[in-house]
Amino acid sequence: MNLAALGEENVRTWGEYVSLHFEGREFTNREQQRAANRAANALARLGVGPGDRVVVMLPNCPEVLQAYAAILKLGAVVVPVIFLLSPEEVCHILADAGAKVAITSPELQDKLGSFPGATVLVGGAGPGARAWDELVAREADTRAIVDRADDDVAVILYTSGTTGRPKGVALSHDNLAANARAAASLYELDRREWALMVLPLSHSYGLTVMNAGHVLGTRGVLLRWFNPGLVLETIQRFRVQSMSAVPTMLVYLLHAPDAGRFDTSSMRLWGSGAAPLPVEIVEPFERKFGGRILEGYGLTEAAPVVAAHRLSGVRKLGSVGQPIPGVAVAILDDDDRALPAGEVGEVGVRGRNVMRGYYGLPEETARALRNGWLHTGDMGKLDADGFLYIVERKKDLIIRGGFNIYPREVEEVLYAHPKVAEAAVVGVRDPLMGEDVLAFVALRPGAAATEDELIGFCQARLAKYKCPKQVRFVDALPKNPVGKILRKELRALAT
-3 MNLAALGEEN VRTWGEYVSL HFEGREFTNR EQQRAANRAA NALARLGVGP GDRVVVMLPN
57 CPEVLQAYAA ILKLGAVVVP VIFLLSPEEV CHILADAGAK VAITSPELQD KLGSFPGATV
117 LVGGAGPGAR AWDELVAREA DTRAIVDRAD DDVAVILYTS GTTGRPKGVA LSHDNLAANA
177 RAAASLYELD RREWALMVLP LSHSYGLTVM NAGHVLGTRG VLLRWFNPGL VLETIQRFRV
237 QSMSAVPTML VYLLHAPDAG RFDTSSMRLW GSGAAPLPVE IVEPFERKFG GRILEGYGLT
297 EAAPVVAAHR LSGVRKLGSV GQPIPGVAVA ILDDDDRALP AGEVGEVGVR GRNVMRGYYG
357 LPEETARALR NGWLHTGDMG KLDADGFLYI VERKKDLIIR GGFNIYPREV EEVLYAHPKV
417 AEAAVVGVRD PLMGEDVLAF VALRPGAAAT EDELIGFCQA RLAKYKCPKQ VRFVDALPKN
477 PVGKILRKEL RALAT
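Going by our numbering, the first residue of the sequence shown is number -3, and it counts up by one from there.
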């Protein structure tokens, strides 16, 4: 099967209806399919065919949805890229994926560097690039979907790896379709009412919300990016009933100025995922805005949803719910044996949603996929009712506002500074972002540097959200007898 079939099935199942609203414009599901067909025909003229990788780096807009569908219709592979990444990170992804075409905007084109493939720009023109509007305008609005095997790769999502370089998570057509259908089966709201789409469509969470919407025949108001005031205004205007978010967004909304003047009484469901939800915000948030916050759990390698709460079911605060249909979860010991309820171990996941592997990284894949389980690296426990609790995220991983930051990636940049002798990065609790980045730095003998200097050095080389918020200078980093940095001691110093 081809994941693009979900969009065409949507039209056949539900008929033509207004499925999308974006910045004053409305689109029917059939119009979106026709636009995707024109885009597919245009990309085919650029030589895109089955298996080719196409990067899409844009903020949320209808063209993102059209581009994804177009690429998939051709049997090619979608490579979504978060537009917040630095040029160095973007260039690595382009090269690692072997991208044939990059679709972006004039404002972001410089991040492509000396990309040798074809560049297509949405919303304007640029040097050496083709304009999206001109390419698609002259194409026919029909296109047959190229058939693909269930396990053929449909999407490669890049996530920071332990090597400090982004690594591609290869997800198949069946991975994503199965996860979308399973997530959709939990939906208990009126499909004719509006849902708010504010998650980045370049994020695995946003992708699944989009795919589940095809299955359900729902209607979405799409925002270019998150803005608390605009979110509340949109909820009031469209009588929105549901929104999926990361916890940081919910914190921003809770503390938004004049939030009380907006009518959010239509809201029934606030989905929360991609990072741990601070339990302490749930009661004041629901009292202020109405509806229920339901937390779930997932990871890109699981396409991504693993566990969730049901709106009509029991909610256990602190839990991320129960495994969704078709997904098995076990708590594993160091020998991959399942532990009984209440005991803490590594969360293992099994099901059709589990990735094909890390693109071009067989050794990394073998480490993650062992003995029939996806090893998440997250520590958790199951209770007697099968509810999953994440006790500790990946030991060194920092999750800032729903975005994953691996310390080594930041540390390697700090080590590149000529005045730095040693560096280590840890996460510190932040009431707004969930976690933020704290760097411990030991300078070279006789060297002098300021906090602003090192933060600025990082900002020139990394996405801003990955950069340290604070830098603490120390004489030396704590180490064990074999020279390994003791992060546990650094975390203790950070509190």
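Ideal Cβ positions, reconstructed from N, Cα and C, are used throughout, including at glycine.
Since the model is a prediction, treat every value here as computed from it, not as a measurement.
Own chain residues within Cβ distance below 6 angstroms of residue i, not counting five before or after
{"i": "Ala208", "result": "Ala176, Ala179 and Ala180"}
{"i": "Gly353", "result": "Ala166 and Thr361"}
{"i": "Val151", "result": "Val74 and Leu167"}
{"i": "Gln28", "result": "none"}
{"i": "Val275", "result": "Leu313 and Gly314"}
{"i": "Thr115", "result": "Ala98 and Ala125"}
{"i": "Gln466", "result": "Leu434"}
{"i": "Leu307", "result": "Glu184 and Leu265"}
{"i": "Lys415", "result": "Leu439, Arg440, Ala443 and Ala445"}
{"i": "Gly157", "result": "The pLDDT assigned to Gly157 is 47, lower than 50, so where the model puts this residue is not dependable; a value taken from the coordinates is nonetheless given after this. Hits under 6 angstroms: Lys163."}
{"i": "Glu418", "result": "Ala438 and Leu473"}
{"i": "Phe258", "result": "Leu228 and Gln232"}
{"i": "Asp137", "result": "Arg30, Asn33 and Arg34"}
Integer Cβ distance of residue i from residue j, believed to fall under 8 angstroms
{"i": "Arg215", "j": "Ser15", "result": "6 angstroms"}
{"i": "Val194", "j": "Ala241", "result": "7 angstroms"}
{"i": "Gly71", "j": "Gly47", "result": "7 angstroms"}
{"i": "Trp221", "j": "Asn56", "result": "6 angstroms"}
{"i": "Ser101", "j": "Leu117", "result": "6 angstroms"}
{"i": "Gly292", "j": "Leu265", "result": "No, Gly292 and Leu265 are not in contact; Cβ-Cβ is about 11 angstroms, not under 8 angstroms."}
{"i": "Leu493", "j": "Val301", "result": "Look at the range of the chain in this structure, -3 to 491, and you will see that residue 493 is not part of it."}
Boundaries of the alpha helix (DSSP H) in which residue i is found, first to last residue
{"i": "Lys415", "result": "Counting along the chain, Lys415 falls outside any alpha helix (DSSP H), and DSSP gives it neither H nor E."}
{"i": "Gln493", "result": "Past the edges of the chain, shown from -3 to 491, lies residue 493, and the structure says nothing about it."}
{"i": "Ile506", "result": "The shown model of the chain, from -3 to 491, leaves out residue 506, and the question about it has no answer."}
{"i": "Pro280", "result": "Val278 to Phe285"}
{"i": "Asn400", "result": "Counting along the chain, Asn400 falls outside any alpha helix (DSSP H), though it belongs to the beta strand (DSSP E) covering Phe399 to Ile401."}
{"i": "Arg483", "result": "Arg483 to Ala490"}
{"i": "Trp128", "result": "Trp128 to Ala133"}
{"i": "Glu5", "result": "Ala1 to Trp10"}
{"i": "Asp448", "result": "Glu447 to Gln455"}
{"i": "Ala98", "result": "First-last for Ala98: Val97 to Thr100, but that is the beta strand (DSSP E), not the alpha helix (DSSP H)."}
{"i": "Ala91", "result": "Pro83 to Ala93"}
{"i": "Ala208", "result": "Ser200 to Leu212"}
Close beta carbons around residue i, own chain, < 8 angstroms, minus the five adjacent residues each side
{"i": "Val478", "result": "Here Val478 scores only 46 on pLDDT, less than 50, and its place in the model is too uncertain to base an answer on."}
{"i": "Ile327", "result": "Ala334, Leu335, Glu339, Val340, Gly341, Glu342, Val343, Gly344, Gly376, Lys377 and Leu378"}
{"i": "Val278", "result": "Ile289 and Leu313"}
{"i": "His88", "result": "Arg161 and Pro162"}
{"i": "Asp170", "result": "Met(-3), Asp146, Asp147 and Arg348"}
{"i": "Ile386", "result": "Pro272, Tyr293, Val316, Val343, Asp374, Met375 and Gly376"}
Option in the options with minimal Cα separation from residue i
{"i": "Arg559", "options": "Val75, Trp10, Trp128 and Glu408", "result": "This structure cannot speak to residue 559, because the chain is shown only from -3 to 491."}
{"i": "Met53", "options": "Ile451, Pro196, Gly269 and Gly338", "result": "Pro196"}
{"i": "His199", "options": "Val409, Gly164 and Phe469", "result": "Gly164"}
{"i": "Glu22", "options": "Thr296, Pro58 and Glu4", "result": "Pro58"}
{"i": "Ile67", "options": "Gly113, Arg49, Leu172 and Thr204", "result": "Arg49"}
{"i": "Asp254", "options": "Lys284, Val275, Pro272 and Met245", "result": "Lys284"}
{"i": "Asp381", "options": "Ala443, Gln318 and Arg363", "result": "Gln318"}
{"i": "Lys460", "options": "Gly113, Leu439 and Glu85", "result": "Glu85"}
{"i": "Trp128", "options": "Phe79, Ala36, Leu108 and His169", "result": "Ala36"}
{"i": "Leu565", "options": "Arg8, Trp266, Asp392 and Leu439", "result": "Given that the chain is displayed from residue -3 to residue 491, the structure contains no residue 565 and the question cannot be resolved."}
{"i": "Gly43", "options": "Ala32, Gly113 and Val247", "result": "Gly113"}
{"i": "Leu370", "options": "Val422, Thr296 and Gly397", "result": "Thr296"}
{"i": "Leu90", "options": "Tyr355, Gly430, Ala298 and Asp392", "result": "Tyr355"}
{"i": "Ser110", "options": "Ala95, Glu418, Ala121 and Ser268", "result": "Ala95"}
{"i": "Ile395", "options": "Leu384, Ala419 and Arg425", "result": "Arg425"}
{"i": "Pro280", "options": "Leu246, Ala304 and Gly267", "result": "Leu246"}
{"i": "Glu431", "options": "Tyr402, Ala304 and Leu410", "result": "Tyr402"}
{"i": "Gly119", "options": "Leu108, Glu103 and Asp170", "result": "Glu103"}
{"i": "Ser268", "options": "Asp329, Gly202, Val325 and Val323", "result": "Gly202"}
Other residues of its chain near residue i: CB distance less than 7 angstroms, five sequence neighbours each side excluded
{"i": "Val236", "result": "Trp190, Ala191, Leu192, Val217, Thr230, Ser262 and Met263"}
{"i": "Ala1", "result": "Ile141"}
{"i": "Ala252", "result": "Pro224, Gly225 and Leu228"}
{"i": "Thr159", "result": "Since pLDDT at Thr159 reaches only 42, below the 50 mark, its modelled position is unreliable, and the value read off the structure follows with that caveat. Contacts found: none."}
{"i": "Phe18", "result": "Cys57, Pro58 and Leu218"}
{"i": "Lys475", "result": "Ile481 and Leu482"}
{"i": "Val60", "result": "Val52, Leu54 and Leu197"}
{"i": "Met429", "result": "Thr244, Arg396 and Gly397"}
{"i": "Ala63", "result": "Ala35, Val52 and Ile99"}
Limits of the unbroken beta strand (DSSP E) element including residue i
{"i": "His17", "result": "Val14 to Phe18"}
{"i": "Val74", "result": "Val73 to Pro76"}
{"i": "Ser268", "result": "Leu265 to Ser268"}
{"i": "Ile327", "result": "Val323 to Leu328"}
Residue-level contact to chain C via CB, residue i, 7 angstroms cutoff
{"i": "Leu489", "result": "Here there is only one protein chain, and chain C is not present."}
Any non-hydrogen atom of the ligand NAD within 6 angstroms of residue i CB
{"i": "Ile231", "result": "With respect to small molecules bound, the structure shown includes none, and the ligand NAD cannot be examined in it."}
Exercise. Where in the stretch 31 to 55 do unbroken runs of the beta strand (DSSP E), each at least 3 residues long, occur, reported from the N-terminal end onward?
Worked result: Within the stretch 31 to 55, the beta strand (DSSP E) runs of at least 3 residues that lie entirely inside it are, in chain order, 49 to 52.
Exercise. What alpha helix (DSSP H) runs, 4 residues minimum, are completely inside the stretch 160 to 185?
Worked result: Runs of the alpha helix (DSSP H) inside the stretch 160 to 185: 169 to 180.
For this session: Identify every run of the alpha helix (DSSP H) within the stretch 345 to 388, keeping only runs that are complete inside it and at least 4 residues long; order them along the chain.
Result: Here the runs fully enclosed are 358 to 364.
For this session: Note down, one range per segment and in chain order, each beta strand (DSSP E) of at least 3 residues found wholly within the stretch 288 to 314.
Result: Qualifying beta strand (DSSP E) stretches, in chain order: 288 to 291 and 301 to 304.
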